[in-house]
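Protein chains: 2
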Amino acid sequence: MFRCARAFSTSPLFKYAAMTCRQYSFQVFRDVPPLRQMRRQLLLDRKTVGFVPTMGALHEGHLSLIRQAATENTDVFVSIFVNPTQFGVNEDLSSYPRTWDSDVAKLEELNDEFARLGGDTGRISAILAPTPKVMYPTLPPSSEVDGDGSFVTITPLSRKLEGASRPVFFRGVATVCMKLFNIVQADRAYFGQKDVQQTVVIKRLVQDFYINTDIVIGDTVREHDGLAMSSRNVYLGARRRAVGLVIYDALKAAENAYNSGKLARSEILDAANGVASRVLSEQQALSPSERALYEVDYISLADPDTLDEVETIDPSKGAIISGAVKMVPLEESKPGEDCGLGDGKVPVRLIDNLIFKPRP
Amino acid sequence: MFRCARAFSTSPLFKYAAMTCRQYSFQVFRDVPPLRQMRRQLLLDRKTVGFVPTMGALHEGHLSLIRQAATENTDVFVSIFVNPTQFGVNEDLSSYPRTWDSDVAKLEELNDEFARLGGDTGRISAILAPTPKVMYPTLPPSSEVDGDGSFVTITPLSRKLEGASRPVFFRGVATVCMKLFNIVQADRAYFGQKDVQQTVVIKRLVQDFYINTDIVIGDTVREHDGLAMSSRNVYLGARRRAVGLVIYDALKAAENAYNSGKLARSEILDAANGVASRVLSEQQALSPSERALYEVDYISLADPDTLDEVETIDPSKGAIISGAVKMVPLEESKPGEDCGLGDGKVPVRLIDNLIFKPRP
Numbered sequence: 017m018f019r020c021a022r023a024f025s026t027s028p029l030f031k032y033a034a035m036t037c038r039q040y041s042f043q044v045f046r047d048v049p050p051l052r053q054m055r056r057q058l059l060l061d062r063k064t065v066g067f068v069p070t071m072g073a074l075h076e077g078h079l080s081l082i083r084q085a086a087t088e089n090t091d092v093f094v095s096i097f098v099n100p101t102q103f104g105v106n107e108d109l110s111s112y113p114r115t116w117d118s119d120v121a122k123l124e125e126l127n128d129e130f131a132r133l134g135g136d137t138g139r140i141s142a143i144l145a146p147t148p149k150v151m152y153p154t155l156p157p158s159s160e161v162d163g164d165g166s167f168v169t170i171t172p173l174s175r176k177l178e179g180a181s182r183p184v185f186f187r188g189v190a191t192v193c194m195k196l197f198n199i200v201q202a203d204r205a206y207f208g209q210k211d212v213q214q215t216v217v218i219k220r221l222v223q224d225f226y227i228n229t230d231i232v233i234g235d236t237v238r239e240h241d242g243l244a245m246s247s248r249n250v251y252l253g254a255r256r257r258a259v260g261l262v263i264y265d266a267l268k269a270a271e272n273a274y275n276s277g278k279l280a281r282s283e284i285l286d287a288a289n290g291v292a293s294r295v296l297s298e299q300q301a302l303s304p305s306e307r308a309l310y311e312v313d314y315i316s317l318a319d320p321d322t323l324d325e326v327e328t329i330d331p332s333k334g335a336i337i338s339g340a341v342k343m344v345p346l347e348e349s350k351p352g353e354d355c356g357l358g359d360g361k362v363p364v365r366l367i368d369n370l371i372f373k374p375r376p
Numbered sequence: 017m018f019r020c021a022r023a024f025s026t027s028p029l030f031k032y033a034a035m036t037c038r039q040y041s042f043q044v045f046r047d048v049p050p051l052r053q054m055r056r057q058l059l060l061d062r063k064t065v066g067f068v069p070t071m072g073a074l075h076e077g078h079l080s081l082i083r084q085a086a087t088e089n090t091d092v093f094v095s096i097f098v099n100p101t102q103f104g105v106n107e108d109l110s111s112y113p114r115t116w117d118s119d120v121a122k123l124e125e126l127n128d129e130f131a132r133l134g135g136d137t138g139r140i141s142a143i144l145a146p147t148p149k150v151m152y153p154t155l156p157p158s159s160e161v162d163g164d165g166s167f168v169t170i171t172p173l174s175r176k177l178e179g180a181s182r183p184v185f186f187r188g189v190a191t192v193c194m195k196l197f198n199i200v201q202a203d204r205a206y207f208g209q210k211d212v213q214q215t216v217v218i219k220r221l222v223q224d225f226y227i228n229t230d231i232v233i234g235d236t237v238r239e240h241d242g243l244a245m246s247s248r249n250v251y252l253g254a255r256r257r258a259v260g261l262v263i264y265d266a267l268k269a270a271e272n273a274y275n276s277g278k279l280a281r282s283e284i285l286d287a288a289n290g291v292a293s294r295v296l297s298e299q300q301a302l303s304p305s306e307r308a309l310y311e312v313d314y315i316s317l318a319d320p321d322t323l324d325e326v327e328t329i330d331p332s333k334g335a336i337i338s339g340a341v342k343m344v345p346l347e348e349s350k351p352g353e354d355c356g357l358g359d360g361k362v363p364v365r366l367i368d369n370l371i372f373k374p375r376p
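Taken in order, these protein sequences are the chains called A and B. Position 319 of the first sequence, counted from 1, bears residue number 335 in the numbering used here, the numbering being contiguous throughout. Position 70 of the second sequence, counted from 1, bears residue number 86 in the numbering used here, the numbering being contiguous throughout.
See the structure below:
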C-alpha cells in the first residue's frame, strides 16, 4: 500500500525538506490515530512489529538495528523525531543534524534489500515523523530542570554518567520513549549498545511501567578503525575525527587490562586514563593549526544494572567501562582542510563503552 | 472459567484475609503475565475491556463505576491495590481500610446482577490484586518528595488543590495508573467525579502519553443527604458524619450563587465560606462531648482544564468548585456512641466538588 503523509510542518526549527506527495514503500505518519489503526490491524492479522526509535541522521548503527528488527518481525516501524526535552537549554538541539531526504532514501534502500532477501525477512512498513506539538500536545516541551510538563523520571539511574553533565537528558529520553512505546505498541524495540546508559534506563522504564515491549540491544557499529558511529560525527572533520578515536583506544586499553585478569578499579581505570592523557599531551605539543584538543568528561567503571561505580569487578557480573570526551572547536584551520559540518566550530561530545562480559 | 489466584501475600501491611482456593466468577490475578495473556485473547476475540482501578474498600461509588463499565464493555477488570506512593510519609497508608472479603463479595453480587440483566451487559472477568513488589519491581516504593524511583510527574496540575497539602499524591496516582493502564490495556477506564483533580490529572496523563484508553468519568455517588461516598467515611462515626456534611452544604451554597447568576470569585466563595464558618461556630458553642470540629484546608474555584484559580467565571467554560476539610478526632466520646472505625481518633480528610456547567 502506498500512501502519502497527510501534512508536513514548515517550522524552521524542524527543517524537514519540503516534501511533495511522493510514493514511498512505507507509510509516513505525522500524527497518531492513523498509525494506531494500522498497528491494530497488524495485531489482528497476527503480524509482529519491531520498533526502531531514532532522531534521524541515520547511519550504519541505525541501519544495523533496522536490519535486526526485520529479521525478527514482519513489520518494522521507524520513528524520526528530534526530541527537544532531552537537550538541555545550552545543548545542541538547534545544530543537531536533520537529514530527512537522505534518511528516507536509506530506508527505501533497506526495503529494497529486504525484498531481495525475501523469505522471512520483514520490511519497513511505517515511519512516524511527528511534530513537536504531536509529541507534546498540551504544555510546550520544557528543557528546564524545574520546567513544568508531563515527565517520566527514572532515578537514581538518570543522575549517573551522562546524567551528571546532562541533567534533563534521561528525563527527556524516558518521557519520549514512553510516548512512542504507547503509540507504536511494538512487540520489540531496538536500541544500540553505544548509548549504554540509555539501554539501562530504557530497560528499567519497561520493567517498572510494564510496557509490553521487549527491548533488544544491538551491538555498537564502528568505523573501520573502531570509532563508534554517531550522528554527531559529521561535525568532527578529519583532524578531530582522527584524535577522537582516543575514547575507543582508552576503553580498549581498559578492556585489555580486564582480559588480562585485572579486577581492581584503579588498575582498569589507570589503563584508560593513561591513553587519554598521553594522546592529549601529544596534541598539546602540536601547533594550533595541527592539533585537536579535548576534555575528558568521565571514564566510568560501573555495575551493568545499577550503574553504580565499582571498586572491584565481580567477574560473575562483569562491568561496563564507558566514557565521554568533548572535542573542543578547532583553534585554527588550514586552507582546504576538511573541518566537518559547521567548519570545526561545533564542539562535539563523543561517548563510547565496552561491556566486560562475566567470566568463569 | 474458574481459577484461583496463584499466590497471596501474607505481609501484615497488606492484610488480605487468608484466602483458600475458592472459585470465583472472575479470575483473580496477583501477577501480570497471566492477566496479559487473558487480555490478549479478549482483544483477538474482539471483546472490549472496561477498567475500574480501586484501592478496595468498595462502596456504592465504585459499584456505580463498575455498573457503567459493564454496560459499555463485554469485560470489566477491577484492580484492588492500596498504592503506597500516593500516601505521604505522615499520611494514612497504614490505617487505610483493607476489606478484601467484603470487596470480593460485592463483586460477586454485581456479577449475579449482570447475569440477571443479561442482554448486552458485560461482566467482571478479572480482578488484579497485585503485591507492592509486583507494582514496584525494582526499587522499594518511596513516598519521599525527593525519593528515588521510576515516577510520572504531571505539573503544574499536581501542585494545585489536593497537591498543595499532599505533595507526592498525584505523582503516586499518575505513576500507578500508568503501570495499571499498561498492564490492563483497557478500551475504557472509569474514574469517579468525586476526585475531580484526579480526573483532570488522569485525562492529562492519557493525552500527553498517548495511552490508548478512553477515560470515562462517573458522577459522584452520594448518601441520601448528599455526603459523597468515600472509603474513608467508615472512620467518621455518627457525630462527625453529620457535621462532615458541611463540605457538601458549602459547595451547594456556592452552586446556588452561580445558578442565580453570580460569576465573581468573591461572591461564589463568600457563599461557601459563609456556610463553613457558620457550622464551625455552631459546633464550637457545644461541649466537647457533643461537638465535632474541623479545619477547612481549601475551597477552590478553578478552571476545569488547568485548575488555575479563576477571578471571574467564564460562563462558556464553567468552573469547578471544590473543597477539602479535615474532621479532627473527637475530643470526648459518650458511652455507647457510634464513633466509627478507629474510635473517633482517626482524623478524616473529606473532599468534594461540584461542576458548574457552562451556560449560554
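Even glycine gets a Cβ: it sits at the ideal position worked out from N, Cα and C. These figures come from a predicted structure and were not determined experimentally.
Is there a Cβ of chain B sitting closer than 9 Å to that of residue i, yes or no?
i	result
Thr154 (chain A)	yes
Val189 (chain A)	no
Gly179 (chain A)	no
Lys195 (chain A)	yes
Gly356 (chain A)	no
Val259 (chain A)	no
Val451 (chain A)	The structure shown does not extend to residue 451 (chain A), since chain A spans only 17 to 376, so no value can be given for it.
Cys20 (chain A)	Summary for Cys20 (chain A): the model assigns pLDDT 38, below 50, so the residue's position carries little reliability; its value from the coordinates is reported in the next sentence. Not an interface residue.
Following the continuous beta strand (DSSP E) through residue i, name the residue where it begins and the one where it ends.
i	result
Phe186 (chain B)	That residue, Phe186 (chain B), is in no beta strand (DSSP E); its alpha helix (DSSP H) goes 185-200.
Met343 (chain A)	335-343
Leu177 (chain B)	It is not in any beta strand (DSSP E) - Leu177 (chain B) carries neither H nor E in the DSSP assignment.
Ile96 (chain B)	91-96
Phe372 (chain A)	364-372
Pro69 (chain A)	65-70
Arg204 (chain B)	204-208
Gln43 (chain A)	43-45
Gly385 (chain B)	Nothing in the structure corresponds to residue 385 (chain B), since chain B is present only between 17 and 376.
Val312 (chain A)	310-318
Arg139 (chain B)	139-144
Does any CB atom of chain A fall closer than 9 Å to the CB of residue i?
i	result
Phe45 (chain B)	no
Met54 (chain B)	no
Leu144 (chain B)	no
Ile199 (chain B)	yes
Leu59 (chain B)	yes
Val105 (chain B)	no
Looking at the secondary structure, which residues open and close the alpha helix (DSSP H) in which residue i lies?
i	result
Arg281 (chain B)	281-300
Ser166 (chain B)	Per DSSP, Ser166 (chain B) belongs to no alpha helix (DSSP H); it is in the beta strand (DSSP E), 165-171.
Tyr13 (chain A)	For chain A, the structure presents residues 17 to 376; residue 13 (chain A) sits outside this window and is missing.
Phe130 (chain A)	116-133
Leu79 (chain B)	76-88
Gln213 (chain A)	212-224
Pro148 (chain B)	148-151
With a threshold of 6 Å on Cβ separation, who are the neighbours of residue i within its own chain once the five nearest residues in sequence on each side are excluded?
i	result
Phe372 (chain B)	Tyr274, Gly334, Ala335
Asp230 (chain B)	Arg204
Ser25 (chain A)	The pLDDT assigned to Ser25 (chain A) is 38, lower than 50, so where the model puts this residue is not dependable, and the model offers no usable value.
Leu370 (chain A)	Leu267, Glu271, Ile337
Ala269 (chain A)	Ala287, Ala288, Val291
Tyr112 (chain A)	Val98
Asp359 (chain A)	none
Could you pull out every residue in the same chain whose Cβ sits closer than 7 Å to the Cβ of residue i, ignoring the five residues on either side in sequence?
i	result
Ser159 (chain A)	Pro100, Thr101, Phe103, Gly104, Val105, Val184
Lys350 (chain B)	Ser305
Gln214 (chain B)	Val189, Phe207
Keeping to the same chain, check which residues put their C-beta closer than 8 Å to that of residue i; ignore five residues upstream and five downstream.
i	result
Ser95 (chain B)	Phe67, Val68, Pro69, Thr70, Ile143, Leu144, Ala145, Pro146, Leu196, Val200
Val250 (chain B)	Ala73, Pro113, Gly356, Leu357
For the stretch 71-101 of chain A, enumerate the residues whose C-beta is nearer than 8 Å to any C-beta of chain B, in chain order. none
The stretch 270-298 of chain A: which residues have C-beta closer than 9 Å to a C-beta of chain B, in chain order? none
Would you list, in chain order, the members of the stretch 202-224 of chain B that have their beta-carbon closer than 9 Å to a beta-carbon of chain A? Arg220, Leu221, Gln223, Asp224
In the stretch 156-185 of chain B, which residues sit with their C-beta less than 8 Å from some C-beta in chain A, listed in chain order? Asp164, Gly165, Ser166, Phe167, Val168, Thr169, Ile170, Thr171, Pro172
According to a CB-to-CB cut-off of less than 7 Å, which residues of the stretch 314-343 of chain A neighbour chain B? none
Interfacial residues, the stretch 227-246 of chain B to chain A, with Cβ spacing under 9 Å: Ile227, Asn228
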